[in-house]
DNA sequence: GTCTATAGAGGGATAGAC
DNA sequence: GTCTATCCCTCTATAGAC
């Protein structure tokens, strides 16, 4: 029982650290994030943090892999659903994907950026690619528009859905739009994106 | 005359430093870039670098503003051209923009990332927005598709053109495509992007 | 598991000679 | 303008008591 109490305390500490670390890493990037800041904001002793995770790098890897897993595990079932049509997949991806990104808006650009700066951080983990390449979604794209590499369409739709989040700081930091209307624009886009995509691949 | 010789030597040093700094900052990000590395790779003494630029931050600002200026000064004339149709602008943007990005492929994601992490680095400089909002291009988008906020279309086309470059490290680092075929895919996209955009806004 | 204290390395910046 | 030498702060990580 004492062990249980200890384990709970520890578990809570670990979770709190991971939660804060995720936020800090995504806000500042890996290099600019200080272990002291993570420990302070998590109200955990710095040494204790290293006791649990060993190093800043190890903590980073753990936290990021969890986030990426969440990202992929969410869309893969949609991509591989044998029962939904291509048009329905467009709808589902827009609806669900944007909703999820809104919960963690900095994740996409952060992941892309860190991969570019330090591929070793991710290297062997992201093996989901073949699952995407061989998905039902890709097959349906190929069928709808046989003349175009379906990867092109895959990237285009990802771009349409994600790019506004990439542009967000640029737009809001300079008053092109207010932070308030950003969410409204995203919701409007949630409606428009599948319609555009259907036009592009040539389905009704 | 002696002054000229000195000035030339200095000028060359400054240019070399800026060139190397641009590459390093874009590869590693601001925080992870070390002034020592910049100085070494530019084959310039570290102290001399500070003599010329005062600080790492100052060097960063100078280099980045030059890059962003290049980015904007390139597309603004196209956006504001009164003589070209919307369809022609789509063609010109695809053709020219992608060509330019190929020369400095890391710039877009880097700029977006740094803006997010440290808006103060850019804050007051990017005032080009109103020039874009009030451009002929935006007016033509509004005319072609009155029911949709033209900003939505602006972002969509930027996303279609830029997103492949964002995804490049993800794709190539995991063998989805080889680095070699990336360029071929980009060229194919250069052809397809304006066609897609015309479908989206509903012009022939 | 949790703390205090500190080691140890790294990196930005400058003093001062030439 | 250019160099050497070095200061000094910051940050990661660990030793060791509780």
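Protein chains in written order, with the numbering used here: chain P, 1 to 204; chain Y, 205 to 408. Idealized CB from N, CA, C, for every residue including glycine.
Proximity winner among the options, relative to residue i (alpha-carbon distances)
| i | options | result |
| --- | --- | --- |
| residue 141 of chain P | P:130, P:155, P:129 | P:155 |
| residue 301 of chain Y | Y:369, Y:224, Y:317 | Y:369 |
| residue 137 of chain P | P:29, P:83, P:69 | P:83 |
| residue 30 of chain P | Y:318, Y:245, Y:384, Y:399 | Y:318 |
| residue 391 of chain Y | Y:305, Y:282, Y:323 | Y:305 |
| residue 268 of chain Y | Y:375, Y:357, Y:384, Y:313 | Y:313 |
| residue 259 of chain Y | Y:271, Y:272, Y:247, Y:243 | Y:243 |
| residue 386 of chain Y | Y:250, Y:373, Y:245 | Y:373 |
| residue 134 of chain P | P:93, P:44, P:202, P:77 | P:77 |
| residue 298 of chain Y | Y:356, Y:326, Y:367, Y:238 | Y:367 |
| residue 356 of chain Y | P:180, P:130, P:190 | P:190 |
| residue 245 of chain Y | Y:396, Y:223, Y:303 | Y:223 |
| residue 333 of chain Y | Y:365, Y:272, Y:347 | Y:272 |
| residue 311 of chain Y | Y:324, Y:228, Y:388, Y:217 | Y:228 |
| residue 270 of chain Y | Y:251, Y:396, Y:384, Y:219 | Y:219 |
| residue 399 of chain Y | Y:309, Y:388, Y:225, Y:293 | Y:293 |
| residue 197 of chain P | P:12, P:171, P:159 | P:159 |
| residue 205 of chain P | Y:405, Y:335, Y:388 | Any question about residue 205 of chain P goes unanswered here, given that chain P covers just 1 to 204. |
| residue 185 of chain P | Y:384, Y:352, Y:383, Y:365 | Y:352 |
| residue 205 of chain P | P:11, P:121, P:81, P:203 | Outside the modelled stretch of chain P, which goes from 1 to 204, sits residue 205 of chain P, for which no answer is possible. |
| residue 225 of chain Y | Y:365, Y:296, Y:239 | Y:239 |
| residue 291 of chain Y | Y:252, Y:361, Y:371 | Y:361 |
| residue 48 of chain P | P:131, P:81, P:12, P:150 | P:12 |
As assigned by DSSP and simplified to three states, the class of residue i
| i | result |
| --- | --- |
| residue 416 of chain Y | Absent from the model: residue 416 of chain Y. The displayed extent of chain Y is 205 to 408, so no value can be given. |
| residue 398 of chain Y | helix |
| residue 204 of chain P | coil |
| residue 164 of chain P | helix |
| residue 373 of chain Y | helix |
| residue 10 of chain P | helix |
| residue 359 of chain Y | helix |
| residue 63 of chain P | helix |
| residue 177 of chain P | coil |
| residue 346 of chain Y | helix |
| residue 246 of chain Y | coil |
| residue 288 of chain Y | coil |
| residue 277 of chain Y | helix |
| residue 209 of chain Y | The predicted model places residue 209 of chain Y with a pLDDT of 44, which falls under 50 and marks its position as unreliable; any figure quoted below should be read in that light. Residue state, collapsed to three classes: helix. |
| residue 236 of chain Y | coil |
| residue 147 of chain P | coil |
| residue 387 of chain Y | helix |
Residues in the region 229-241 of chain Y with C-beta within 8 Å of chain P's C-beta atoms, listed in sequence order? When CB distances to chain P are screened at a threshold of 8 Å, the residues of the region 229-241 of chain Y falling below it are 231, 232, 233, 234, 235, 236, in chain order.
* Which runs of the alpha helix (DSSP H) fall wholly inside the region 87-135 of chain P and span at least 4 residues, in chain order? -> Listed in chain order, the complete alpha helix (DSSP H) runs (minimum 4 residues) inside the region 87-135 of chain P are 98-103, 107-117, 129-133.
- Task: Answer yes if the region 226-246 of chain Y comes into contact with the region 255-268 of chain Y, meaning at least three C-beta pairs across the two stretches below 8 Å, and no otherwise.
- Result: Yes, the region 255-268 of chain Y is in contact with the region 226-246 of chain Y.
Per the contact definition of three or more C-beta pairs closer than 8 Å, is the region 175-184 of chain P in contact with the region 64-73 of chain P? A contact is defined here as three or more CB-CB pairs under 8 Å, and the region 64-73 of chain P fails this definition with respect to the region 175-184 of chain P.
Select from the region 73-104 of chain P all residues with a C-beta closer than 7 Å to any C-beta belonging to chain Y, and list them in chain order.
Within the region 73-104 of chain P, no residue has a Cβ that lies closer than 7 Å to any Cβ of chain Y.
Checklist entry - Name the residues in the region 151-164 of chain P whose C-beta lies less than 8 Å from a C-beta of chain Y; which are they? => result Cβ contacts with chain Y: 151, 152, 155, 156, 158, 159, 160, 162, 163, 164.
_Within 9 Å of chain P by C-beta, residues of the region 381-395 of chain Y in sequence order_ = Residues of the region 381-395 of chain Y with a C-beta atom less than 9 Å from some C-beta of chain P are 381, 389, 392, 393, listed in chain order.
Item to check | Residues of the region 333-346 of chain Y with Cβ closer than 7 Å to any Cβ of chain P, in chain order | outcome: The residues in question are 333, 337.
For the region 43-71 of chain P, enumerate the residues whose C-beta is nearer than 9 Å to any C-beta of chain Y, in chain order.
-> Within the region 43-71 of chain P, no residue qualifies.
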